[in-house]
Amino acid sequence: MRFMHMVALFALSPKYGLGVDNAIEIAVVTSSGAYLITNQFQNSDLFWALRGGGGGTYGIVTSVTYQTHPSTPLIAAFFSTHINTPVNNASDSTPSPVLNQLFTEFVRVTPALSDGGWSGYATIVPGPPTNAPSLRFFYIAPDISWEVANATLNLFFAFAQNLSAHSSVENGGALSIDVATSFPVDSFYSLYELIFTNETGQVGAPVEIASRLLPRKLIEDDYHKVADTILSLPFPDFFLLGGGAVSKVKPSSAGLNPAWREALIHTVVASTWQEGASADEINGALNNLKQYVTTLHDLAPSSGAYFNEASLYEINPQYTFFGDHYHKLEAIKAKYDPIDLFVVAEGVSIPVPASGDEWIVAEVIRDEFATERNTQDTIDTTVQLENETEATVELFALFLRFIAEKLDVEPQSSHARTALLYNALKYFTSSYLSEQDIHKILAAFDTDVRKIVLSSYYFALAALEQKGATVPRPPVSALLQAAEKSEASIYALFGGQGTNEVYFDELQTLYDTYKPYVAPFIATITNNVLLPLTAASESTNFYTHGLDVLSWLSGVTPRPPVAYLASIPISFPLISLTQLAQFLVVCRVANLTPGELRARFAGATGHSQGIISAVCIAASTTPESFVENSEKALRWSFFSSKRGQEAFPVLALEPSVIKDSIDGGEGMPTPMLSVTGLALKDLDSHIEKTNAHLPTNSQLQVSLHNGAKAFVVTGPARALYGLVTSLRKVRAPSGLDQSKIPFSQRKPVFSVRFLVVNVPYHSHYLEGATERLFQEDLGGEELWTVKDLAIPVYHTETGADLRELTTSLTKALCDQIFTMHIHWAKATAFPEAATHAVDFGPGGLSGIGPLTARNLDGRGVRVIVVGDKSKGIAELFDAQSIKCEDWWSKKYSPSLVKTSDGTLHIDTPFSRLLGKPPIMVAGMTPSTVKAGFVSAVLNAGYHVELAGGGHYNAAALRAKVAEIQSQIPAGVGITLNALYINPRHTEKAAEIIKALSNAGIKHVSFKPGSVDGIRQVVNIAASNPDFPVILQWTGGRAGGHHSCEDFHQPILATYSSIRQQRNISLVGGSGFGGADDVWPYLTGDWSVDLYGAQPMPFDDFLFASRVMVAKEAHTSSSVKDLIVAAKGVDDAKWEDRYKLWKEFDDTVFKLPKEKRAAWLKERKAEVIAKLNKDFNKPWFGSKKDGSVVEDLADMTYEDVVLRMVRL
């Protein structure tokens, strides 16, 4: 029955289909004892599942009725080779170059062979006499003529014979063809008898295998990759068993994995060991197999595998074996085997004392747990996991929770149950958490599994804590420990408005995951603050759904609509609640009091309303004081939101305005508009123009300065909509390619969106709100004084430490929310010692943390977003390592080093790479074509590129290199500037770099011309981290004739990604020539002075035209004089030379190639005139009087001679 259950494939499958495709009827006995007939009309769902849906999962199959087919003649083909190489080792599966060529061609023609009717079995085997891997195959072509079959096969035979004739041991291996033949056979059974009748062999072997289905499209699109991957495995099989009839069946017709319908090849690889091998040797073989599984999965990640020849270590086995049929199959399984009779369950072993009540309790709870797991539909989350570890950890965690839930069900055994929980938790900790925190362990787990394990683990942990028992704990956070030792300096961040639509999901996750810690806190806040204040505000219409947060989270009452949760009176206090709950969770997970955790922070600040949470944690010491301060914070937040909404009620807008704004991508108009990517001076000019048309009471202003190009404009929504319409006119459309447009003429790229915030906080529109809140709502009560703050809390407008205030702290907090602007760069201008900032949310990756990280990029401060549950909290509690960020000015700024001879040198990454000063001479034709000039630069101790453009063949280049070598000291390297024609073929970079490295080349340089080009170079460097890459950036402003780009902006946009690759040396070039112009770029001050960014030092500088006037340069004296006398152009005119090329880009270069000649011929005089006008190069011939000619035939011999003299 396995033949049918598990697909059923063999060499005739492409002719007649798989076994599952030929089953007509199946009889089965289910777990209930029912005898069922299944077919297309009876129990059709079970019939569907039994055909390829997995082993004996559904019942016991007693009979199958098959469609049969008449015997037909066929053509059989045999091909066998061996390869002579210097290698003589049967265990060495490294393919020879000649096998690589042969097998690559075999893979390439496989689709054609399939279309020609062939199918069968190919394998790589050790071939005599050197045991080198060799190709063999046995194929059949049923029911077609010998001539038709050979039409496709003989092409491959001819290729192999030609390859054999030109191969040798010395050049990659000598290919010998032992057999290459085809012949007719009257039936498949006759062929079977001919080959296998007398076969005897071993039954069973010390081996494990893995397999993969390879789609036809993959083979057609990337046969090189397929061949290389298969040959990287030891002696693999490559079976052509798909296609044909297999591919013509609808994927939905049976429970079979749909990947079969797209597959052409079934490839198999094995890992073996010797009889009597040790456990270590067997484990080594299995580890190898795991790597093979990964290799095959990565080759065809969206495909599947044949689970009759599959691996226990398969990645994502549910998808790999069943594809998107898995969930349907699972439902059918539950229907026909509800008690899971036909399944082998995995379990967890936990040691407990064998004597006393604990053993008895353990048995009782174990049985209860097993019963519950079998009778409830809770196994789904375990079944759907991708690996055994996740399943085991999840099951263990669920068992811990189950014990914790049963601690007090029987008072007389409570002590024993507590002891059992302690032992189980201790064993869980020693098994999984002995060296690392649970968040880090679970970071790579499935999201749902991670939530289940965390919630179960902390439920059990809290239960032990409540019993006053000793609690086994994982190791402490390395970062928090470093802060305690003053080896790290951490700052706390709290976000504000802007995440109004998503914060409640974050609060719900905290509640669900850490319920024992979060639920009591939220209950206290809800009952003591939110409900009473809401009840006292019944006169307003702000609280139509109330503020019973605890009932929403627990599900007692439905969660209100998103629009209600996003409204200011609701979102404002609940955002505060969310971030304070997050802080509490960190306290409990770290097993620290609020005061102890606060002591790990060097300071805190908050964006907008987040400042109140920063004050709250700065004033809290004990758990009790934290709750007390949180109640104060929530009171203040409640009143701040209520006063804000009262001062600026929500007003209706015309439907046409709303529709236009939404259709335009800016969202529903509100009083706060975010503008990102536009410089402040440009934004201000648009605001000024808009304000000129607005009354005094509707004026707009920039209220939030979030970053160098990140702002929030406040004002009435209708007025802000007017600003939006103005900005649309200057904004570049999404996806617009401006790479060929002069830089100064490009439309700015920026985003505009309305925040879901219906009150213009931080603006003059809320003047007077501070006094009303302080006097009327708080009754003049000072919630905190500066003496309450144990750590610095930084003012959101000035960046000053609030502990230095001499006025009311409570009023100062109100002012920072209602009327003062935010200058986030000032608020986060942390002291030099700062190393980390922790964002307590809300918003996760859309919150204040990532924004702060962008502002501090290159400052040496790493921002950890705790709300990023898969990574952020795992990094915070990582017990093994601490991630840090580079401080660019410290890491990449130049320094002085003294060599052993006492000489001082400038030290940069470039100078360390080449051992030369950070100045180089660019490859220029013809200047650096000359051996004398190149040798002079090298002898002077500088780096120079030999220009490749002046060398027309390999012999000329070799001769030039030899000439240079004869003039320079031994050991001095020579760099060739070679033109790489097609920059789009970056996928070849790895192949090229590997070849360069093998040839002894020490580094490679790239000169990109755009931001996209820079990113491609960064990707190349990332893919080759051990090979030095020199990135030369010239741009257009600096004189780089390959680019229309500004020099600065592309570097500002990519500097961070460049510096993430340690193997890149950054070279700035063209336009440099003296100490004054080099210095700001060497130190990085240019980015500070011009753009207010972090210092961005370059590692080296490229000198070009200026060295043409050097004594050793072959430039004529008159040209040297002209270069020295040239004044250059003003900075604003650097783009002029690109205007003509832009014109050509928009005209002739957009035409099909066959039409360009006619266009040029028609406009010949016009093109010549423009080229002569815009360029200094002597482009065309001229008459004796200097007039330009359009054709050489118009010139006399005298004209030609005079023109040559002038040139």
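So the sequence shown is residues 0 to 1206, counted in numbering that gives the first Met the number 0. Glycine included, every Cβ here is placed at the ideal spot set by N, Cα and C.
Nearest candidate by alpha-carbon position, reference residue i, set the options
| i | options | result |
| --- | --- | --- |
| residue 917 | 930, 872, 1068 | 1068 |
| residue 539 | 56, 645, 931, 93 | 645 |
| residue 888 | 514, 855, 875 | 855 |
| residue 474 | 873, 53, 42 | 873 |
| residue 316 | 389, 274, 287, 1144 | 389 |
| residue 741 | 251, 1065, 1043 | 1043 |
| residue 210 | 300, 181, 148, 243 | 300 |
| residue 651 | 640, 669, 1007 | 669 |
| residue 962 | 976, 1107, 932 | 932 |
| residue 681 | 725, 948, 120 | 725 |
| residue 172 | 26, 1012, 178, 162 | 162 |
| residue 783 | 804, 797, 768, 767 | 804 |
| residue 845 | 39, 32, 495 | 495 |
| residue 755 | 581, 886, 567, 891 | 567 |
| residue 526 | 428, 42, 655, 629 | 629 |
Bounding residues of the beta strand (DSSP E) (the contiguous stretch that carries residue i)
| i | result |
| --- | --- |
| residue 211 | 206 to 214 |
| residue 493 | 489 to 493 |
| residue 131 | 131 to 141 |
| residue 1031 | 1028 to 1032 |
| residue 262 | 262 to 271 |
| residue 705 | 700 to 706 |
| residue 36 | 34 to 37 |
Backbone CA spacing between residue i and residue j [nearest angstrom]
| i | j | result |
| --- | --- | --- |
| residue 757 | residue 638 | 16 angstroms |
| residue 412 | residue 356 | 8 angstroms |
| residue 1099 | residue 480 | 40 angstroms |
| residue 794 | residue 365 | 56 angstroms |
| residue 377 | residue 405 | Residue confidence is low: residue 377 scores 43 on pLDDT, short of 50, so the model does not pin down where it sits. Its coordinate-derived value is still stated next. Each residue's Cα considered, the two are about 18 angstroms apart. |
| residue 452 | residue 683 | 51 angstroms |
| residue 510 | residue 829 | 32 angstroms |
| residue 35 | residue 251 | 22 angstroms |
| residue 703 | residue 817 | 12 angstroms |
| residue 174 | residue 149 | 22 angstroms |
| residue 838 | residue 875 | 11 angstroms |
| residue 142 | residue 73 | 5 angstroms |
| residue 45 | residue 331 | 7 angstroms |
| residue 55 | residue 49 | 9 angstroms |
| residue 76 | residue 118 | 10 angstroms |
| residue 105 | residue 25 | 40 angstroms |
| residue 436 | residue 863 | 16 angstroms |
Residue interval of the alpha helix (DSSP H) (run including residue i)
| i | result |
| --- | --- |
| residue 146 | 145 to 164 |
| residue 62 | No alpha helix (DSSP H) holds residue 62; the beta strand (DSSP E) holding it covers 59 to 65. |
| residue 656 | 654 to 662 |
| residue 597 | 593 to 598 |
Checklist entry - Is it a yes or a no for the region 782 to 789 touching the region 613 to 620, going by three-plus beta-carbon pairs under 8 angstroms? => result With the cut-off at 8 angstroms, the region 782 to 789 and the region 613 to 620 touch.
Item to check | the region 104 to 114 in contact with the region 53 to 64 per 3-pair CB rule at 8 angstroms | outcome: no
Next on the checklist: I want to know whether the region 631 to 646 touches the region 709 to 716 - three or more CB-CB distances under 8 angstroms.
Outcome noted: no
Next on the checklist: Does the region 313 to 321 come into contact with the region 218 to 230, if we say contact requires no fewer than three beta-carbon pairs (one atom in each stretch) closer than 8 angstroms?
Outcome noted: no
Next on the checklist: I'd like the ranges of any alpha helix (DSSP H) spanning at least 4 consecutive residues and lying wholly in the region 918 to 988.
Outcome noted: Whole alpha helix (DSSP H) segments, 4+ residues: 930 to 938, 953 to 964.
Checklist entry - Are the region 758 to 771 and the region 675 to 694 touching by the rule of at least three beta carbon pairs closer than 8 angstroms? => result no
Item to check | 4 or more residues per run - each alpha helix (DSSP H) lying fully within the region 760 to 800 | outcome: 768 to 771
Next on the checklist: Would you call the region 718 to 733 in contact with the region 656 to 670, where contact means no fewer than 3 C-beta pairs closer than 8 angstroms?
Outcome noted: yes
Checklist entry - Counting pairs of Cβ atoms below 8 angstroms between the region 443 to 452 and the region 558 to 566, do you hit three or more? => result no
Checklist entry - Counting Cβ pairs, one atom from each stretch, are 3 or more of them under 8 angstroms apart for the region 292 to 306 and the region 244 to 263? => result yes
Checklist entry - With a cut-off of 8 angstroms, do at least 3 Cβ pairs link the region 898 to 907 to the region 492 to 512? => result no
Checklist entry - Is there contact between the region 591 to 609 and the region 540 to 551, where contact requires at least three CB pairs shorter than 8 angstroms? => result no
Item to check | Minimum length 4: unbroken alpha helix (DSSP H) runs contained in the region 218 to 249 | outcome: Taking only runs of at least 4 residues, the alpha helix (DSSP H) segments lying wholly in the region 218 to 249 are 222 to 230.
Item to check | the region 94 to 102 touching the region 126 to 134, judged by at least three CB pairs closer than 8 angstroms | outcome: yes
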